[in-house]
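Trainee: Just passing along the structure, written as structure tokens.
2 protein chains.
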Amino acid sequence: MTTREKIIFAAVDLFNEQGISPVTLRDIAEKVNISIGNLAYHFKNKDFIIEEIFNIMENERQQRLSEVQMIPSFENANKQALAILKISLKYRFFFLDTLDIIRAYPEIAKLHRKQVESHIEYLKAILDYSVGSGNMEPEPYEGCYERLARTIWSVLQFWLMNEAIRGIKKHSANEARMTMWSLVEPHLTEKGRKNFPLNRQNSDTHASA
Amino acid sequence: MTTREKIIFAAVDLFNEQGISPVTLRDIAEKVNISIGNLAYHFKNKDFIIEEIFNIMENERQQRLSEVQMIPSFENANKQALAILKISLKYRFFFLDTLDIIRAYPEIAKLHRKQVESHIEYLKAILDYSVGSGNMEPEPYEGCYERLARTIWSVLQFWLMNEAIRGIKKHSANEARMTMWSLVEPHLTEKGRKNFPLNRQNSDTHASA
DNA sequence: GTCTATAGAGTGATAGAC
DNA sequence: GTCTATCACTCTATAGAC
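Protein chains in written order, with the numbering used here: chain D, 11 to 219; chain V, 11 to 219.
This is the structure in structure tokens:
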């Protein structure tokens, strides 16, 4: 592992533990066992470190999502959600300190915003597709499923913060996934209930840190 | 207005604009047009300022909620939600920097956690009551309404962060309120739909900053 | 690539005059 | 209560030796 990589990993660890702002360049250098001067050689700023982490996270996200078929089915939506939940656990700090990042790094914020909107659109597409395939009831009123898509997104976006605020120590990506489906469930048709990926008897994913 | 009060108001303004950590004691003193020495006379720390703000916010919240009848009806839930949305707009920073506060002020976090749990319990009570009064369908499966109550809470908790992340400048407390009710709507009985406080034709509350 | 050493910019805290 | 002045500390950034 190159020093550059070591720095990135150490930074992610520290950010995940403490959040971004309390972590100093000294802390990172100390964790990697190199001098601050050396750290500065690799990354002039904390900013460059964060941008690098964001890029790495993005690549990883794209990579994972590309492994899931884009056909908008419940099954694929479930896989997508699991992928996103895994990423968000690995790069927790990004989801916990989102606002700090938005305020301090407008370029990252802009990129992130695009991903958010395309994510919401994808979720909406799944809902529309499910109506078409007879798995979901037709939209009961204009804008209902648009809002539903946004709400589902926010469940995935905020589940870690939700746990943090409520003082829950054990992360449960599964709970987030269940919550997501619990929003869809009331809108299913009878046919939809049969194809539904949520099986309340066995919980197939537990993540913990 | 006493100096102490001026300090508090200035601090809330600055925190709402920039978040907590970037604001220095100097910034606050400058905004109030007093010296740092004087500021220090009134509040030794940023910590003391934040605790004071939290207490003020809490009193205001209690005050507003006490004006709403505790009978767990849709109507009262709607009023409660509006009260909470107003408070969260006024003390935005608390809802945007919740995690910073939790990390830095464990005592505040503990108090806040209690309020969160009691809020969720109250929401759950409304759901249960609505089943009893025939406005909502019986819980389709164990834990469904418990999770629904938590999800509703998170809509109210995260609506400002949601807007911030998505780059929405105009605050719309009404959108948050609508989202909240959209989660309940699919579970209504026919009777419930008649008593439902959500009227899609007129949007009665718009907040903006 | 890696180190040591230090400059320079804040920030919080406090002593002491008015 | 309010001010000025200053100290001590922390963090970033950089120069220069190895």
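Beta carbons: idealized from backbone N, C-alpha and C, even for Gly.
Taking the alpha-carbon positions, what's the residue 58 of chain V to residue 123 of chain V distance?
Mentor: Here residue 58 of chain V corresponds to residue number 48 of the second sequence, with the count starting at 1. Here residue 123 of chain V corresponds to residue number 113 of the second sequence, with the count starting at 1. Using only the alpha carbons, I get a separation of about 20 Å.
Trainee: Taking DSSP's pairing of strands, which residues face residue 146 of chain V in a bridge?
Mentor: As a first step, residue 146 of chain V is located in the second sequence; it is residue number 136 there, counting from the start. Its beta-bridge partners are V/198.
Trainee: Applying the 10 Å Cβ sphere with the 16-neighbour rule, what's the burial state of residue 101 of chain D?
Mentor: In the first sequence, residue 101 of chain D corresponds to position 91, counting from 1. So residue 101 of chain D counts as buried.
Trainee: Can you tell me which of the three DSSP states residue 181 of chain D falls into?
Mentor: Within the first sequence, residue 181 of chain D is the residue found at index 171, counting from 1. In this structure, residue 181 of chain D counts as coil in the three-state DSSP scheme.
Trainee: Report the option in V/156, V/112, V/179, V/80 whose CA atom is closest to the CA atom of residue 171 of chain D.
Mentor: The residue given as residue 171 of chain D occupies position 161 in the first sequence. Nearest C-alpha to residue 171 of chain D: V/112.
Trainee: If you pair each beta-carbon of the segment 88-95 of chain D with each one of the segment 17-30 of chain D, do three or more pairs fall below 8 Å?
Mentor: No: the two stretches stay apart, fewer than three of their Cβ pairs being nearer than 8 Å.
Trainee: Mind reading off the beta-carbon distance from residue 175 of chain V to residue 108 of chain D? Whole number of angstroms is fine, and I expect it under 8 Å.
Mentor: On the second sequence, residue 175 of chain V is found 165 positions in, with the first residue counted as 1. On the first sequence, residue 108 of chain D is found 98 positions in, with the first residue counted as 1. Residue 175 of chain V to residue 108 of chain D, Cβ: 6 Å. Contact.
Trainee: When you compare only the Cα positions, how much space is there between residue 189 of chain V and residue 165 of chain V?
Mentor: Position 179 of the second sequence, counted from the start, is the residue given in the question as residue 189 of chain V. Position 155 of the second sequence, counted from the start, is the residue given in the question as residue 165 of chain V. Roughly 7 Å between the two C-alpha positions.
Trainee: Roughly how many angstroms separate the alpha carbons of residue 117 of chain D and residue 199 of chain V, rounded to a whole number?
Mentor: Counted from its first residue, the first sequence places residue 117 of chain D at position 107. Counted from its first residue, the second sequence places residue 199 of chain V at position 189. Roughly 47 Å separates the two Cα atoms.
Trainee: Would residue 210 of chain D be called buried (16 or more neighbouring beta carbons within 10 Å of its own) or exposed?
Mentor: Position 200 of the first sequence holds residue 210 of chain D. Because residue 210 of chain D carries a pLDDT of 47, less than 50, the predicted location of this residue cannot be relied on, and the following value inherits that uncertainty. With fewer than 16 other Cβ atoms within 10 Å, it is exposed.
Trainee: Does DSSP put residue 71 of chain V in a helix, a strand or coil?
Mentor: What you label residue 71 of chain V is simply residue 61 of the second sequence in a count that begins at 1. If DSSP states are grouped into helix, strand and coil, residue 71 of chain V belongs with the helices.
Trainee: 8 Å is my cut-off, CB to CB: does residue 141 of chain D come that close to chain V?
Mentor: As a working mapping, residue 141 of chain D is identified with position 131 in the first sequence. By this cut-off, residue 141 of chain D is not an interface position.
Trainee: Secondary structure at residue 81 of chain D, three-state DSSP: helix, strand or coil?
Mentor: As a position in the first sequence, residue 81 of chain D is number 71, starting the count at 1. DSSP places residue 81 of chain D in coil when its eight states are reduced to three.
Trainee: What first and last residue would you give for the alpha helix (DSSP H) that runs through residue 25 of chain D?
Mentor: Position 15 of the first sequence, counted from the first residue, corresponds to residue 25 of chain D. From DSSP, the alpha helix (DSSP H) with residue 25 of chain D extends over 13-28.
Trainee: Which chain D residues sit within Cβ distance under 7 Å of residue 196 of chain V?
Mentor: Here residue 196 of chain V corresponds to residue number 186 of the second sequence, with the count starting at 1. In chain order: 196, 197.
Trainee: Is it true that the CB of residue 24 of chain V sits closer than 8 Å to the CB of residue 39 of chain V?
Mentor: Locating residue 39 of chain V in the second sequence gives position 29, where the first residue counts as 1. Locating residue 24 of chain V in the second sequence gives position 14, where the first residue counts as 1. No; because the gap between Cβ atoms is not below 8 Å, this pair is not in contact.
Trainee: Do you know whose CA, among D/204, D/173, D/65, D/13, lies nearest residue 51 of chain D's CA?
Mentor: The residue labelled residue 51 of chain D in the question sits at position 41 within the first sequence. If we check each option's Cα against that of residue 51 of chain D, D/13 comes out closest.
Trainee: When you compare each of D/132, D/147, D/55 to residue 197 of chain D by their alpha carbons, which one comes out closest?
Mentor: The residue given as residue 197 of chain D occupies position 187 in the first sequence. The candidate whose alpha carbon is nearest that of residue 197 of chain D is D/147.
Trainee: Going by other Cβ atoms of all chains shown within 10 Å of its Cβ, with 16 needed for buried, is residue 167 of chain D buried or exposed?
Mentor: Locating residue 167 of chain D in the first sequence gives position 157, where the first residue counts as 1. Classification for residue 167 of chain D: buried.
Trainee: Using a beta-carbon distance below 8 Å, is residue 110 of chain V in contact with chain D?
Mentor: For the purposes of this step, residue 110 of chain V is identified with residue 100 of the second sequence, where counting begins at 1. Yes - at least one Cβ of chain D is within 8 Å of the one on residue 110 of chain V.
Trainee: So residue 164 of chain D is in the alpha helix (DSSP H); what residue range does that whole segment cover?
Mentor: Position 154 of the first sequence, counted from the first residue, corresponds to residue 164 of chain D. 154-175 is the span of the alpha helix (DSSP H), which, as asked, contains residue 164 of chain D.
Trainee: List, in chain order, every chain D residue whose beta-carbon is nearer than 9 Å to that of residue 168 of chain V.
Mentor: For the purposes of this step, residue 168 of chain V is identified with residue 158 of the second sequence, where counting begins at 1. Those are 164, 167, 168, 171, 172, listed as they occur along chain D.
Trainee: Near residue 267 of chain D, which residues of its chain fall below 6 Å by C-beta distance, leaving aside the five closest residues on each side in sequence?
Mentor: Residue 267 of chain D cannot be examined here, being either before or after the span of chain D that is shown, 11 to 219.
Trainee: What did DSSP end up calling residue 208 of chain D once you bin it into helix, strand or coil?
Mentor: The sequence position of residue 208 of chain D within the first sequence is 198, counting from 1. Of the three classes helix, strand and coil, the one that applies to residue 208 of chain D here is coil, per DSSP.
Trainee: For residue 189 of chain D, does the three-state DSSP call read helix, strand or coil?
Mentor: Position 179 of the first sequence, counted from the first residue, corresponds to residue 189 of chain D. In the structure shown, residue 189 of chain D sits in a helix (DSSP, three-state: H, G or I).
Trainee: Specify the secondary structure class of residue 108 of chain D as computed by DSSP and reduced to three states.
Mentor: Indexing the first sequence from 1 puts residue 108 of chain D at position 98. Three-state DSSP puts residue 108 of chain D in a helix.
Trainee: Can you give me the C-alpha to C-alpha distance between residue 11 of chain D and residue 66 of chain D, rounded to a whole angstrom?
Mentor: To locate residue 11 of chain D, count along the first sequence from 1; it is residue 1. To locate residue 66 of chain D, count along the first sequence from 1; it is residue 56. Their backbone Cα atoms lie some 15 Å apart in a straight line.
Trainee: At least one CB of chain D closer than 8 Å to the CB of residue 137 of chain V: is that the case?
Mentor: Taking the first residue of the second sequence as position 1, residue 137 of chain V is located at position 127. Chain D, which has no Cβ nearer than 8 Å to the Cβ of residue 137 of chain V, makes this no.
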